[in-house]
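Colleague:
Chains as they are written, first to last, in the numbering used here: chain A, 1 to 414; chain B, 1001 to 1151.
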């Protein structure tokens, strides 16, 4: 009780003191304002009202009929820029505040790189004199509204310990391999953890096939060239077309973001021999196809035919009158999904190919996040039995077209 | 049978309650079944219907599963399970096999959708993934309980 009373007293005292200070401030004569030149104007050079900008953006300031001088230099018809973010104009007769919403460019800068969170923002320029006070009349730009694209917001990267590395155990650089390649990964100095598990000094593998390192400040793409091993797997089997290929490992953190510094292996080259006969495919048709129930159907829950989707989209599968079973499980009226991207329907009497255009869901998955380049793509679902052979009659979806939207990327200008 | 077990359970419980010292906490693990680990960030959810929807008497429930796979009952494979649809019932004990009755529909064939016929009125639906032995994973993968109106 006594403590509460004293607390109240303190609050009242503080409030009184603040009031007194405000009064004192108001009574103080306004500092003298420097006159501005006639027709003086400041403006955003390459930013227009209503544009969408990346999260990290370089802004250029323009000035006409006046000169830029660093803060502290007293010279007629000069001033320095102040960028007002998400705020209105401050009092014209007081020094411009210096905080997150009022950025000073006291060294006379005429451009700045700023980082804004996703969403709508307002930007405005205000010239201040040597003492950061707006001129008389004030030289101010129009207030513009910008929208920051959420896809461009940088995430903070997880630090990696010094000396950590990832490497390919198998195949070795320069090896000649068959079409089905077993790839084994190694990591040293760090732990493996499944995606989504935020544990220090850990990550999961990403295998880059025939592609350079992606941008290191954002999520590693999930597509045909960037395979994720989100369950902390240390090996996989991939099918490669005959010819030369490159393989590289890149560790990602719980959010699939490369570490800081990034942990990646050197690029290795493998050659797939042209004459590798597909024994599995030849042997398979002997075994015959599994019957499917007459009313079974596989379909897309998302996206639907003709839909416009984002480059990173989760494709969701639906299955009617049959069940899902992982690959290798022989059970009547079950199968596992295969997603065919940008390819014609393959032959139905042999195992479906396993490559970048024919994605197998051998663990019984019913959805998958994939990354597609912008533009038109075709998607098709096909169910297949434990040996990846389609059923008889085949349980196959319509081949749908989707349109992948273009998302503005961060400009690489420095 | 179930009533018998329930009665035994009650009896057992009352004995414990009467007994002076032992902590009831020690009893539960003794009868609990081993639970299989679920994948982190796995989620089960309704594609259809969604919470608050008005549906006809006969409709198809469509089930989505994120970050895990579907496998028929009996299949032992990490990070897989099969769906159970709980109708008008509260969440079941998670360390026991999910009951199989009109309120607990097992989709043991690996199905990802099921046709339901429900009487008119308000009903609740909830999804729970079960492992090869119909036991919930650890941590359990369950959807939120949704309410639908059958017209």
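Beta carbons are placed, not taken as given, at the ideal position from N, Cα and C, and that holds for glycine.
1. Closer than 7 Å by beta-carbon distance: list the chain A residues that pair up with residue 1112 of chain B, in chain order.
2. Taking contact to mean 3 or more Cβ pairs, one atom from each stretch, closer than 8 Å, check whether the stretch 354-373 of chain A and the stretch 1063-1075 of chain B are in contact.
3. Go through its chain and collect everything with a Cβ distance to residue 1143 of chain B's Cβ below 7 Å, but skip five positions before and after it.
4. Out of A:143, A:289, A:358, which has the shortest C-alpha to C-alpha gap to residue 393 of chain A?
5. Tell me residue 1127 of chain B's beta-bridge partners as DSSP assigns them.
6. Counting along the chain, where does the beta strand (DSSP E) carrying residue 185 of chain A start and finish?
7. According to DSSP, is residue 152 of chain A helix, strand or coil?
8. Have a look at residue 383 of chain A and residue 353 of chain A and give me their C-alpha separation to the nearest angstrom.
9. Measure how close the beta-carbons of residue 190 of chain A and residue 201 of chain A come, nearest whole angstrom, since I'm counting them as under 8 Å.
10. Of all the CB atoms in chain A, is at least one closer than 8 Å to the CB of residue 1100 of chain B?
11. Just checking, does the stretch 227-243 of chain A make contact with the stretch 191-198 of chain A on the three C-beta pairs under 8 Å criterion?
12. Check for me: the beta strand (DSSP E) holding residue 1149 of chain B runs from which residue to which?
13. Have a look at residue 60 of chain A and residue 1063 of chain B and give me their C-alpha separation to the nearest angstrom.
14. On the three-pair Cβ rule with 8 Å, is the stretch 151-170 of chain A touching the stretch 87-98 of chain A?
15. In or out: residue 261 of chain A buried (at least 16 other Cβ within 10 Å) or exposed?
16. Output the boundary residues of the beta strand (DSSP E) element that contains residue 440 of chain A.
17. Using a C-beta to C-beta distance shorter than 8 Å, which residues of chain A count as neighbours of residue 1041 of chain B?
18. Where do the ends of the beta strand (DSSP E) carrying residue 174 of chain A lie?
19. What residues in its chain sit with their C-beta under 7 Å from that of residue 252 of chain A, if we drop five residues either side in the sequence?
20. Could you tell me which residues DSSP pairs with residue 323 of chain A in its beta bridges?
21. By how many angstroms is the C-alpha of residue 116 of chain A removed from the C-alpha of residue 78 of chain A?
22. Any residues in the stretch 298-314 of chain A with a beta carbon nearer than 9 Å to a beta carbon of chain B? Which ones, in chain order?
23. To test your reading of the DSSP string, which unbroken alpha helix (DSSP H) runs of 4 or more residues are found completely within the stretch 246-314 of chain A?
24. On a Cα-Cα basis, can you pick out the residue from A:244, A:171, A:153, A:178 that is closest to residue 218 of chain A?
25. Using beta carbons (cut-off 8 Å, strictly below), is residue 1080 of chain B in contact with chain A?
26. Could you please tell me which residues of the stretch 259-274 of chain A, in chain order, have their CB closer than 9 Å to any CB of chain B?
27. Can you tell me the Cα-Cα spacing of residue 1160 of chain B and residue 318 of chain A, whole angstroms?
28. Suppose you measure from the CA of residue 1135 of chain B to the CA of residue 1082 of chain B; what does that come to, to the nearest Å?
29. Give a yes or no on whether 8 Å exceeds the smallest Cβ distance from residue 363 of chain A to chain B.
30. How would you list, in chain order, the residues of chain A whose beta-carbon sits under 7 Å from the beta-carbon of residue 1109 of chain B?
31. Are any of the Cβ atoms in chain B nearer than 8 Å to that of residue 329 of chain A?
32. Buried or exposed: residue 316 of chain A, going by 16 or more other Cβ atoms within 10 Å of its Cβ?
33. For residue 387 of chain A, which option in A:64, A:403, A:350 has the closest C-alpha, if you only look at C-alpha atoms?
34. Go ahead and pull the three-state DSSP assignment for residue 1064 of chain B.
35. Is the separation between the beta-carbon of residue 148 of chain A and that of residue 121 of chain A shorter than 8 Å?
36. Tell me, which residues are paired with residue 1054 of chain B by DSSP?
Modeller: Based on what the coordinates show:
1. Correct list: 318, 319, 324, 366.
2. yes
3. 1044, 1045, 1046, 1126, 1127
4. A:289
5. Residue 1127 of chain B is bridged by DSSP to B:1085.
6. 180-188
7. DSSP places residue 152 of chain A in helix when its eight states are reduced to three.
8. 13 Å
9. 5 Å
10. no
11. yes
12. Secondary structure note for residue 1149 of chain B: its beta strand (DSSP E) is the uninterrupted segment 1146-1150.
13. 51 Å
14. The count of Cβ pairs closer than 8 Å, one atom from the stretch 151-170 of chain A and one from the stretch 87-98 of chain A, stays below three, leaving the stretches out of contact.
15. exposed
16. Since the first residue shown for chain A is 1 and the last is 414, residue 440 of chain A is missing from the structure and cannot be characterised.
17. Neighbours of residue 1041 of chain B on chain A, chain order: 195, 196.
18. Annotation: residue 174 of chain A is outside any beta strand (DSSP E) and is labelled neither H nor E by DSSP.
19. 203, 204, 206, 220, 258
20. A:334
21. Distance between the alpha carbons of residue 78 of chain A and residue 116 of chain A is about 29 Å.
22. If the cut-off is 9 Å between Cβ atoms, the stretch 298-314 of chain A has 301, 302, 314 near chain B.
23. 279-283
24. A:153
25. yes
26. none
27. Because residue 1160 of chain B is not part of the residues shown, which for chain B are 1001 to 1151, the question remains open.
28. 10 Å
29. yes
30. 323, 333, 334
31. Residue contact with chain B for residue 329 of chain A: present (Cβ-Cβ distance below 8 Å to some residue of chain B).
32. buried
33. Nearest C-alpha to residue 387 of chain A: A:350.
34. Taken through DSSP and simplified to helix, strand or coil, residue 1064 of chain B comes out as strand.
35. Result yes, Cβ atoms of residue 148 of chain A and residue 121 of chain A sit closer than 8 Å.
36. B:1149
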